[in-house]
Each structure stands twice: as C-alpha cells, then as structure tokens.
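In what follows, a structure is listed as structure tokens, so that the remarks can point back to it.
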Amino acid sequence: MLKPLFVVIGSEIVTTTKSLTHCYFEGKDIVVLGVEKKSVAKLQEERTVRKICTLDDHVCMAFAGLTADARIVINRARVECQSHRLTVEDPVTVEYITRHIATLKQRYTQSNGRRPFGISALIVGFDCDGTPRLYQTDPSGTYHAWKANAIGRSAKTVREFLEKNYTDEAIATDNESIKLAIKALLEVVQSGGKNIELAVIRRNQPLKVRSKEIETLVTEIEKEKEDEAEKKKQKKST
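With the numbering used here, you'll find the sequence shown wraps up at 254, consecutive numbering, no jumps.
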C-alpha cells in the first residue's frame, strides 16, 4: 500500500538533512559555494565524490541528499540547458533552469510507481545582465530565491551564522566573501580546512574550485578570532 503523499515527501526531506553541510551566497561580483567534504576511503579517488557540478557555462548546482538521484536531475538539467541554447540561441537564466528542476521534482511526487527525488539543490549563477542569482529547490518541487543559504545536516546553524554576518562589509571584496564562507562552515566542520571545499563562480568565467588556499585562510581566521578574544579580555580588565 502506498504511503500518503505528504509522508513520502517528508521522508525524502529527512534524507537531505542528513547530508553534509553546504553554504552559498552572493558576493559583489562572485558567487561562493562552500561544502563540507565527505570522508572517502583510503584507496578511493577523491575527485569522483563531488557535490558541486556545472549545468552550463554560467550555472552551477550543488546538492545534499542521494547522489544517484542527483545524477538524474543533473543530466536532465544539462540537456535542458543545451536544448534552450539551440532553440532560443540564448543561455538559460538561473530562474528558468531552477523552475525546470523544480517542475521535474514535482512530477515525481504525483506519479505512480515513482518516489520523490531525495535531494535538496542549490542552483547558482549569473544572468545575462551580470546579476548573480541563488535559488533553492526542495524534494516537493518548491523553489525560492535567496541571497545566502545553507542546506544539509547542520544547515540551521550555518544559516543563523549567515543571518548575523552576511553584510555589505563582509562581502566587500572577493577575498572577504571567500573568508565568510569558510567562517560559516567552520561553525559545524570538525576538522578545520581539511574537510572544506570551496568553489567560486564569476561572470563569464568557468567554475573554479579553490583548495590550495583554504588552509591559509583558515589560519588567518583563527588568528583574527584570537585577536578579538584578546581585545575583549583587555576591555574587561580595564
């Protein structure tokens, strides 16, 4: 006997919240994607375990949940991006491909013999006018636009951090934007920079994964925290 629809969707949302934490937000001229990396087996190729992928030259998607389900969604979205270019002779807008993904997910909530996709996805990129966009889709097929957001296991903690710290000053430069993403993930990541993966997308530039500089930035952040703690101690003593 089939479960009631709302129960099925609810169970898939639980699946996504057990996944690793991802945070994303818009900077001035960039979109930063931060991911808590999954531990891999000693002999496993780390490059084959990715939670961030490109849909088109200007659009990326990251997901929390079932990787096999995400693979289907990613492939369908890539085909739609290519079809749109051939038909309209223009790249898709970020909202257009988000709506396509959300519609696909919603169809799977009302079809016999199918279950909802067990993923939450964040779709980020730039529109033709250079405006950065960030959307989230849920297993139920809903989607919303955000300036900053997080999905996965500890999304609430990271989102609360971003609500307090996401300001114009915090994203004034590319470097400050990247540091904000690392700070947000350090709220929940246990092993420091070793388990953090960063990707940056700029207008008219391909997605770049930043890994070499993460440890350096983590060291800078820890030093800033120590300096702030020292200043607070001095104020209390006076």
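Where is the CB? At the ideal position from N, CA and C, for every residue including glycine. Nothing here was measured: the structure is a model prediction, and the numbers come from that model.
Look at residue 161 here: in three-state DSSP terms it is strand.
For the pair residue 48 and residue 197, the CB atoms are nearer than the 9 Å cut-off.
Beyond the five residues adjoining it in sequence on each side, residue 84 comes within less than 8 Å, by CB distance, of no other residue in the same chain.
Secondary structure of residue 174 (DSSP, three-state): helix. Between the stretch 203-223 and the stretch 50-69, the count of Cβ pairs shorter than 8 Å is three or higher; the stretches touch. For residue 202, the enclosing alpha helix (DSSP H) covers residues 190-202. For residue 71, the three-state secondary structure derived from DSSP is strand. Looking at the DSSP output, residue 151 bridges to 139, 161.
Pairing residue 153 with residue 114 gives a Cβ-Cβ distance under 9 Å. Pairing residue 120 with residue 157 gives a Cβ-Cβ distance under 9 Å. Closest in C-alpha terms to residue 159, from the list 67, 203, 136, comes 136. Cα atoms of residue 240 and residue 201: separation of roughly 16 Å, rounded to the nearest angstrom. In its chain, beyond the 5 residues on either side, 100 have a beta carbon closer than 8 Å to the beta carbon of residue 112. Take residue 226, set aside five residues on each side of it, and the residues of its chain with a beta-carbon closer than 8 Å to its own are 194, 214, 215, 216, in chain order. Residue 181 places its beta carbon 9 Å or farther from that of residue 138.
Taking C-beta separations shorter than 6 Å and ignoring five residues to either side along the sequence, the partners of residue 108 in its chain run 97, 100, following chain order.
The bridge partners DSSP lists for residue 225 are 215. For residue 49, the uninterrupted beta strand (DSSP E) segment begins and ends at 46-52.
Relative to the Cα of residue 144, the nearest Cα in the group 106, 130, 170 belongs to 106. Distance between residue 211 and residue 168, taken at the CA atoms: about 15 Å.
In the three-state DSSP reduction, residue 80 falls in the strand class (E or B). Beta-bridge analysis with DSSP links residue 187 to no other residue.
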